[in-house]
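Chemist: Read left to right, the sequence shown gives residues 26 to 635 (our numbering). Every residue, glycine too, gets a C-beta built ideally from N, C-alpha and C.
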Amino acid sequence: MSSRWPLILSAFLLLNASVASGMGEEARSGPEAEPPAAFGAAPEGLPLAPELAGSPSLSGLSGQPDLSELHGLPRRTRGLDLPQASLPVTAGPEAPWLGIAAVPPASGKAVSAPLPAGVSGVVVHKIRNRDDANRRVPARWHEARALLKRALKRFGPLRLLEYQCLSGQPMLAVDLSDRPELFAFPGLDAHEIEMLRKLRSHYPRLALLLPESGEMPGSGKTPDLVLGDRIAELKARRSNTTDIGAPLHDAEAQLREHAERHGLGQGVVVIELTTFKAVPVEEVRQKLNRWSSERPLHFDHVLILAGDDLKIFERGQDGAFRLARGQELPAAAVAGRAADARAGRRLLSELGANADHPERAWQIWQAFRREHPEQVGELWPQVQRFLPFAGPLAPASPPPLDSERLLNEYLEPERLLREGGVQAAVFVSGGASVARGSRYYEEARRFGELVARYGQGLALATGGGPGIMEAANRGAFEAGGPSVGFRIILPAFVEEPNLYITPGLNFDFDNFQMRKLHLLRWASAVVCFPGAFGTLDELSEVLTLAQTGKLSPVPIILVGEREWKDLDQFFRRAAAKGRLSAGNLERYTIVETAEQAWLELVSLWRGRPS
Numbered sequence: 026m027s028s029r030w031p032l033i034l035s036a037f038l039l040l041n042a043s044v045a046s047g048m049g050e051e052a053r054s055g056p057e058a059e060p061p062a063a064f065g066a067a068p069e070g071l072p073l074a075p076e077l078a079g080s081p082s083l084s085g086l087s088g089q090p091d092l093s094e095l096h097g098l099p100r101r102t103r104g105l106d107l108p109q110a111s112l113p114v115t116a117g118p119e120a121p122w123l124g125i126a127a128v129p130p131a132s133g134k135a136v137s138a139p140l141p142a143g144v145s146g147v148v149v150h151k152i153r154n155r156d157d158a159n160r161r162v163p164a165r166w167h168e169a170r171a172l173l174k175r176a177l178k179r180f181g182p183l184r185l186l187e188y189q190c191l192s193g194q195p196m197l198a199v200d201l202s203d204r205p206e207l208f209a210f211p212g213l214d215a216h217e218i219e220m221l222r223k224l225r226s227h228y229p230r231l232a233l234l235l236p237e238s239g240e241m242p243g244s245g246k247t248p249d250l251v252l253g254d255r256i257a258e259l260k261a262r263r264s265n266t267t268d269i270g271a272p273l274h275d276a277e278a279q280l281r282e283h284a285e286r287h288g289l290g291q292g293v294v295v296i297e298l299t300t301f302k303a304v305p306v307e308e309v310r311q312k313l314n315r316w317s318s319e320r321p322l323h324f325d326h327v328l329i330l331a332g333d334d335l336k337i338f339e340r341g342q343d344g345a346f347r348l349a350r351g352q353e354l355p356a357a358a359v360a361g362r363a364a365d366a367r368a369g370r371r372l373l374s375e376l377g378a379n380a381d382h383p384e385r386a387w388q389i390w391q392a393f394r395r396e397h398p399e400q401v402g403e404l405w406p407q408v409q410r411f412l413p414f415a416g417p418l419a420p421a422s423p424p425p426l427d428s429e430r431l432l433n434e435y436l437e438p439e440r441l442l443r444e445g446g447v448q449a450a451v452f453v454s455g456g457a458s459v460a461r462g463s464r465y466y467e468e469a470r471r472f473g474e475l476v477a478r479y480g481q482g483l484a485l486a487t488g489g490g491p492g493i494m495e496a497a498n499r500g501a502f503e504a505g506g507p508s509v510g511f512r513i514i515l516p517a518f519v520e521e522p523n524l525y526i527t528p529g530l531n532f533d534f535d536n537f538q539m540r541k542l543h544l545l546r547w548a549s550a551v552v553c554f555p556g557a558f559g560t561l562d563e564l565s566e567v568l569t570l571a572q573t574g575k576l577s578p579v580p581i582i583l584v585g586e587r588e589w590k591d592l593d594q595f596f597r598r599a600a601a602k603g604r605l606s607a608g609n610l611e612r613y614t615i616v617e618t619a620e621q622a623w624l625e626l627v628s629l630w631r632g633r634p635s
């Protein structure tokens, strides 16, 4: 009997080890922990290295990239002596954006893809709550933990990228891809938010680095972004000159300390010239070379933003900065435009093939509008001749009514607004072309802030577009109040929703009437800033409905005495000629500033005279 105990004990220990191993595999693949995987982030627009020139875009065109041609491709080390081995890749469901095809672990296959020099791979974690944040972020990174928890409260679940550095010191970043609302991440300044918005049009894939302060004494400076395969630092130059020495000096110190801590290679500096509409290329190049001559630098690319213009300067072997070759149209943008062109040609071909079937042609166009809204304005002139209801000789019968979409546009905003705790809103209207920083932009921004701070739960609602709408949404959003956008989809005007709408409260409408129904249904007041046709349309509809008793009396405030003077005189002349009753002139009030507009609203709500 006693001789059997060693055999029994050995069998028990072997069985226990097997069970533990199986449980470990299950835990790694379960819902609470994302599968640890090594990823290589594709370059998102920085000039390609020679070994990548001409290679296919890692992001692909259909969301299913073909990386068969990239097997065995050497890693870009940017001067560091790193191993050239391929990295095993297993793409989980939380990381489709990384541009890496899923490879089953059992297959033994691997792909090589560019990563920041000194980084061996990336693990993607889904952060759903405070416990996830505490588990994934080191306890000494107090600021990072606090920012992550504030962001969870405001934006919901996040994707956290853990960059595995060969130095042993990890880097953590929040994935901003496909979530422009995260540009208002806690801790970011207004100019940084604006720069992210501009960079997104060139580099769709961005990750925000979390601050490492507290990790070790005397250090912790962290750059702002992971931009493609580079670490980037953002700076703004608020001057009417191109003296960029100071921001370059600060960025160099930031990148150097961070690179030495993690064993990284060259980074990128992004500078916005806030008072310029275009980059003065030659002037910037001269000052950049004058500052950088005979200096050891931890960056070899400088991106200069001015208005909507972007220029990339790269440092050559001789140490001088020059405009990067092909920088005016990044590789990712080239691939995206090629895909857009193919989709447009395919649409026109299908419409031509269905010229004798007008209902089918209309269905094809409607499906294309939903899938490719950014191309609608460009293709509309060519599409009109194929559609039965778009040409100059259009028949009297209307296009087919999409009753399901119409019903959805009625019910879905109602449900989501109530679930979001919105009970009433102040509707702000105004011109979409009003420039950022202009007087009325800042007044609308200030008004949105006042509504959020003192409105006791009132939401701020706009048409969701740029200009005055962006400014009002921005003021409410930055003050922590609910910010709603009711955006209309127009074939001739393609514009992105502004970035300052509360997640989940941005609504797109195909039907103008349904959009106006929601705008006025939730409005406890209407405030109009200077605009044009759209603003006058919304104002006249409110006044008409109020005059005819179809709308409950609500305060109507016009901001800008000089801007509204002519319209006011037009109404008064109409009243003098008997075309308008004098009492209707009291339906609106003209003020000059955001503060006056808010005080007037409070006075009218309380039923006291101004």
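1. Does the structure place the stretch 194 to 203 close enough to the stretch 221 to 238 that three or more beta carbon pairs sit under 8 angstroms?
2. Spatial neighbours of R499 within its chain, please: CB distance less than 6 angstroms, with the 5 preceding and 5 following residues excluded, ordered by chain position.
3. So, with DSSP's three-state summary, where would you put N531?
4. What's the gap between the Cα of S192 and the Cα of S264?
5. Out of Q189, L207, F532, point me to the one whose CA is closest to P182's CA.
6. Report yes if the C-beta of L583 is less than 7 angstroms from at least one heavy atom of the ligand ATP; otherwise report no.
7. Looking only at C-alpha atoms, which of N154, A477, L213, W589 sits nearest to K174?
8. Give every residue of the same chain whose Cβ lies closer than 6 angstroms to the Cβ of L259, excluding the five residues on either side of it in the sequence, and list them in chain order.
9. Helix, strand or coil for L629 per DSSP?
10. What number of angstroms, rounded off, separates the C-alpha of Y479 from the C-alpha of S454?
11. Determine, using beta-carbon pairs with one atom in the stretch 474 to 488 and one in the stretch 500 to 509, whether at least three such pairs fall under 8 angstroms.
12. Using a Cβ-Cβ cut-off of 6 angstroms (strictly less than) and excluding sequence neighbours within five positions of P236, which residues of its own chain qualify?
13. Does the Cβ of H543 have 16 or more other Cβ atoms within 10 Å, making it buried, or fewer, making it exposed?
14. Do L412 and V451 have their CB atoms nearer than 8 angstroms?
15. Using only the alpha-carbon positions, how far apart do E339 and G253 sit?
16. Looking at the unbroken alpha helix (DSSP H) that takes in F472, where does it start and where does it end?
17. Have a look at G369 and G344 and give me their C-alpha separation to the nearest angstrom.
18. Sorted by chain position, which residues of the same chain lie with C-beta nearer than 6 angstroms to A607's C-beta, five sequence neighbours on each side aside?
19. Please determine if the stretch 564 to 575 and the stretch 425 to 440 are in contact, where contact requires at least 3 C-beta pairs separated by less than 8 angstroms.
20. Scan the stretch 547 to 590 and note each continuous beta strand (DSSP E) run of 3 residues or more that stays entirely inside, going in chain order.
21. Are the Cβ atoms of C190 and H323 separated by less than 8 angstroms?
22. Can you list, in chain order, the residues of its chain whose CB lies under 6 angstroms from that of V459, leaving out five sequence neighbours each side?
23. When you compare the stretch 265 to 273 with the stretch 292 to 312, are there three or more beta-carbon pairs, one atom per stretch, that lie closer than 8 angstroms?
24. Relative to the C-alpha of S565, which candidate in A284, G585, K541 has its C-alpha closest?
25. Using the rule of at least 16 other Cβ atoms within 10 Å of the residue's Cβ for burial, across every protein chain shown, is F511 buried or exposed?
26. Between the C-alpha atoms of E444 and Q194, what's the straight-line distance to the nearest angstrom?
27. Could you pull the DSSP bridge partners for L441 from this structure?
28. On the DSSP letters alone, give me the boundaries of the beta strand (DSSP E) that H326 sits inside.
29. What does the alpha-carbon distance come out to for the pair L431 and D535?
30. Could you please give me the residues that DSSP links to E339 through a beta bridge?
31. Between V509 and C553, which are expected to be in contact by the criterion C-beta below 8 angstroms, what is the C-beta distance as a whole number of angstroms?
32. Going along the chain, which residues of its own chain have a beta-carbon closer than 6 angstroms to the beta-carbon of D334, five neighbours each way excluded?
33. Looking at the structure shown, is Q621 part of a helix, part of a strand, or coil, going by DSSP?
34. Just to confirm, is the Cβ distance from E468 to A619 under 8 angstroms?
35. Rounded to the nearest angstrom, what separates I513 and E307 at their Cα positions?
36. Cα separation between E396 and L372?
Modeler: Here's the rundown:
1. yes
2. R470, Y525
3. strand
4. 39 angstroms
5. L207
6. The model on display carries no ligand, and the ligand ATP is accordingly not part of it.
7. N154
8. E217, M220, D249, V295
9. helix
10. 20 angstroms
11. yes
12. E168, A169, T247
13. buried
14. no
15. 15 angstroms
16. 464 to 479
17. 44 angstroms
18. A600
19. no
20. 548 to 553, 581 to 584
21. no
22. Y465, Y466, G492, I493
23. yes
24. K541
25. buried
26. 42 angstroms
27. BP columns for L441 are empty, so no partner.
28. 324 to 331
29. 8 angstroms
30. H326, R347
31. In fact, because the Cβ distance is near 17 angstroms, the residues do not count as touching under 8 angstroms.
32. A303, V304
33. helix
34. yes
35. 42 angstroms
36. 12 angstroms
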